[in-house]
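First to last, the sequence lines map onto chains A and B. If you're matching positions, the first sequence starts at 0 in numbering that gives the first Met the number 0 and goes up one per residue. If you're matching positions, the second sequence starts at 0 in numbering that gives the first Met the number 0 and goes up one per residue.
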Amino acid sequence: MIKKEVTVKNRAGLHTRPAAALVKNAARFKSNFFITKNNMRINGKSIIGVMTLAAAQGTVLTLEFDGEDEEEAARAIVQLFEDGFGEE
Amino acid sequence: MKLFRYDRIQVMGNTEIRYLSELSLEERKATFARILAFDIPCFIITSGNKCDPALIELATEKNVQVFQTPFETTKATYFIVDYLDDIFSPQTTIHGAFVDVYGIGLLFTGRSGIGKSEIALDLVERGHRLVADDVVIVVRKGEGILMGSGTKLIQHSMEIRGLGMLDVRSMFGVRSIRFQKRVEVIVHLEDWHSNEDYTRVGLEEEDTRDIMGVEIPFVRLPIFPGKNVTVISETIALNYLLKHYGFDASKAMASRLEEAIKRNESLEDTDRAIGWFEHDFE
């Protein structure tokens, strides 16, 4: 299992469009993917789950990847956060 | 005479008839002969006016038909235009199943054998109305309206693999069918591929398909065992209705989320949707 910490960089936070981009990307991988914010742990492949986080700019999230393609999954998802989901 | 549109139906109303009534028989014959020198589709005499026997004689010679109607010119023209518009409308044939679901015309498409007829049958069983199965004739009415119907030969017959031909009207009764319906949403059934990109939120710009120049909302519906496509189809129809009445579930959710992000709610105080119910242990 891989654990990564990421920060929400884009100004608008993890709103609907980034949330959709996140689950769509996560769905491409076989690995299980969970996101933890404070004490709430949600499935990263569930759009409702990701939206429930309501993560604003600056929020620190813990990402967990577990499965045969966890390395690739972690790289792709972390990259998304790094790029601020293509937003400012 | 140069401007005379001889390729059009000649409608003769009160004015024309009154004009003709003031001419002598010889003059009328000459007038009819001049008109009939052109290739006229037909004459229609409106407002219950009597037809001049001289016109009938000459028209018969030229093999041109003369009709009479009790309707006044405005009304008659309206009926004729409506009829001709229907007859000459662009038309195409689509392979699919067409069902009225809660008043919304859902056109199911997808490869042969994916189960379009089975879904149509299931919807009929749940009280929806079959328009056509397998061969759907789609006609463009005016700008932006497509009407779908079945064929005279097939009517409401459908083929279910393993059973053969069924007649939905005799089997489920007259309330299970209708003859035509506006095409409102295309539901495209396809085999599930895990690497395909399916709609998750529904905020993306609506996908459409062009049928004879009319853009029709297009829903790609991946199917797999255990998925109740019938219920999902009903939901597609209901969601279309809701949007039509001004409520968009994805937009409503998106704006609630944006509000929450702005307030920067920490997870500890993520509200459960219960408010405060004292001693409510149900």
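The C-beta atom is built at its ideal place from N, Cα and C for all residues, glycine as well. In this text the structure is predicted, and so the values were computed from the model without any measurement.
In its own chain, which residues sit with a C-beta less than 8 Å from the C-beta of residue i, not counting the 5 before and 5 after it?
i: Asn-24/A; result: Ala-75, Ile-76, Leu-79
i: Gln-296/B; result: Absent from the structure is residue 296/B, since the part of chain B shown begins at 0 and ends at 281.
i: Ser-111/B; result: His-94
i: Asp-38/B; result: Tyr-5, Asp-6
i: Tyr-101/B; result: His-127, Glu-233, Ala-236, Leu-237, Leu-240
i: Ile-153/B; result: Ala-131, Asp-132, Asp-133, Val-134
i: Gly-192/B; result: According to the sequence as given, residue 192/B is His; it is not Gly. Once the five neighbours on either side are set aside, the close Cβ partners of His-192/B are Pro-221.
i: Ala-251/B; result: none
i: Asn-9/A; result: Pro-17, Gln-56, Gly-83, Phe-84, Glu-86, Glu-87
i: Val-186/B; result: Leu-105, Leu-106, Phe-107, Thr-108, Val-218, Leu-220, Ser-232, Ile-235
i: Glu-158/B; result: Ser-116, Asp-132, Asp-133, Met-164, Leu-165
i: Pro-216/B; result: Glu-183, Val-184, Ile-185, Glu-205, Asp-206, Thr-207, Tyr-239
i: Val-22/A; result: Gly-43, Lys-44, Ser-45, Ile-46, Val-49
i: Tyr-197/B; result: Arg-219, Pro-221
i: Ile-55/B; result: Val-65
Which residue comes first and which comes last in the alpha helix (DSSP H) that contains residue i?
i: Asn-13/B; result: 13 to 20
i: Thr-58/A; result: That residue, Thr-58/A, is in no alpha helix (DSSP H); it is neither H nor E in DSSP.
i: Ser-249/B; result: 248 to 262
i: Phe-171/B; result: 167 to 171
i: Glu-277/B; result: Premise fails: Glu-277/B is in no alpha helix (DSSP H) and is neither H nor E.
i: Phe-84/A; result: Per DSSP, Phe-84/A belongs to no alpha helix (DSSP H) and is neither H nor E.
i: Ile-55/B; result: 52 to 61
i: Leu-21/A; result: 15 to 25
Could you tell me the boundaries of the beta strand (DSSP E) in which residue i lies?
i: His-187/B; result: 184 to 190
i: Thr-35/A; result: 31 to 36
i: Phe-42/B; result: 41 to 44
i: Val-5/A; result: 1 to 6
i: Glu-26/B; result: From DSSP, Glu-26/B is part of no beta strand (DSSP E) but of the alpha helix (DSSP H) over 24 to 35.
i: Ile-159/B; result: 156 to 159
Between residue i and chain D, is there a C-beta pair that is closer than 8 Å?
i: Ala-25/A; result: The chain labelled as chain D is not found among the protein chains of the depicted structure, namely A and B.
Using C-beta distances below 6 Å, list every residue in its chain close to residue i, excluding the 5 sequence neighbours before and after it, in chain order.
i: Glu-69/A; result: Ile-1, Ser-30
i: Val-138/B; result: Ser-88, Gln-90, Met-146
i: Val-285/B; result: Since the first residue of chain B shown is 0 and the last is 281, residue 285/B is not available in this structure.
i: Gly-143/B; result: Val-213
i: Ala-20/A; result: Phe-84
i: Thr-58/A; result: Val-7
i: Ser-75/B; result: Per the sequence shown, the amino acid found at residue 75/B is Ala instead of Ser. These residues qualify, in order along the chain: Thr-45, Thr-68.
Based on the DSSP output, what are the partners of residue i in its beta bridges?
i: Ser-148/B; result: Ile-136/B, Gln-179/B
i: Asn-42/A; result: Phe-33/A
i: Val-66/B; result: Checking the sequence, you will find Phe at residue 66/B rather than Val. Its beta-bridge partners are Ile-43/B.
i: Glu-63/A; result: Lys-2/A, Phe-33/A
i: Met-164/B; result: Glu-158/B
i: Val-10/B; result: Ile-43/B
Below 7 Å CB to CB, which residues in the same chain sit around residue i once its five sequence neighbours on both sides are set aside?
i: Ala-54/A; result: Val-7, Gly-12, Leu-13, Lys-36, Leu-60
i: Gln-67/B; result: Ile-44, Cys-50
i: Val-123/B; result: Leu-129, Val-167, Phe-171, Ser-175
i: Ala-26/A; result: Lys-44
i: His-243/B; result: none
i: Glu-71/B; result: Thr-45, Ser-46
i: Glu-99/B; result: Glu is not the amino acid found at residue 99/B; the sequence shown has Asp there. Here the set comprises His-127, Arg-128, Val-130, Arg-177, Lys-180.
Report the residue ranges of all beta strand (DSSP E) runs contained in full by the region 79 to 132 of chain B; include only those spanning at least 3 residues, in chain order.
90 to 100, 103 to 108
Considering only residues of the region 191 to 247 of chain B, which uninterrupted beta strand (DSSP E) runs meet the minimum length of 3 residues and lie entirely inside it, listed in chain order?
207 to 210, 213 to 222
Chain A contacts made by the region 244 to 261 of chain B, where a contact means CB separation under 8 Å
Ser-249, Met-252, Ala-253, Leu-256, Glu-257, Ala-259, Ile-260, Lys-261
Interfacial residues, the region 8 to 32 of chain A to chain B, with Cβ spacing under 8 Å:
Ala-11, Gly-12, Leu-13, His-14, Thr-15, Arg-16, Ala-18, Ala-19, Val-22, Lys-23, Ala-26, Arg-27
Please list, in chain order, the residues of the region 72 to 86 of chain A that have any C-beta partner in chain B closer than 8 Å.
none
Under 9 Å, CB to CB, which of the residues in the region 32 to 55 of chain A have a partner in chain B?
Lys-36, Asn-37, Asn-38, Met-39, Ile-46, Ile-47, Met-50, Thr-51, Leu-52, Ala-53, Ala-54, Ala-55
Residues of the region 229 to 240 of chain B with Cβ closer than 7 Å to any Cβ of chain A, in chain order
none
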